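Below you'll find the structure, written out as structure tokens, and then a few comments.
In this note's numbering, the protein residues as written are 29 to 78.
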């Protein structure tokens, strides 16, 4: 847990101001879509063979 007495690191202020970049958002969407595809195709495969 962060103490209030803890000294801030040099990059802390910049991280709070920075918004989510479009590249990072695109990577998360692609990875999430791929993960959802694997999950759904696995469930369909289990149900079809079961």
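Where a beta carbon is used, it is the ideal one built from N, C-alpha and C, also for glycine. Owing to the predicted nature of the structure, the values given are computational and were not obtained by experimental measurement.
Residue range of the unbroken alpha helix (DSSP H) whose run includes residue i
{"i": "residue 63", "result": "50 to 77"}
Residue i to residue j span [Cα, whole Å]
{"i": "residue 52", "j": "residue 34", "result": "29 Å"}
{"i": "residue 48", "j": "residue 54", "result": "10 Å"}
{"i": "residue 40", "j": "residue 46", "result": "10 Å"}
{"i": "residue 71", "j": "residue 56", "result": "22 Å"}
beta-carbon residue i near the ligand PLP non-hydrogen atom, thresh 7 Å
{"i": "residue 33", "result": "Looking at this structure, you won't find the ligand PLP or any other ligand, since it has none at all."}
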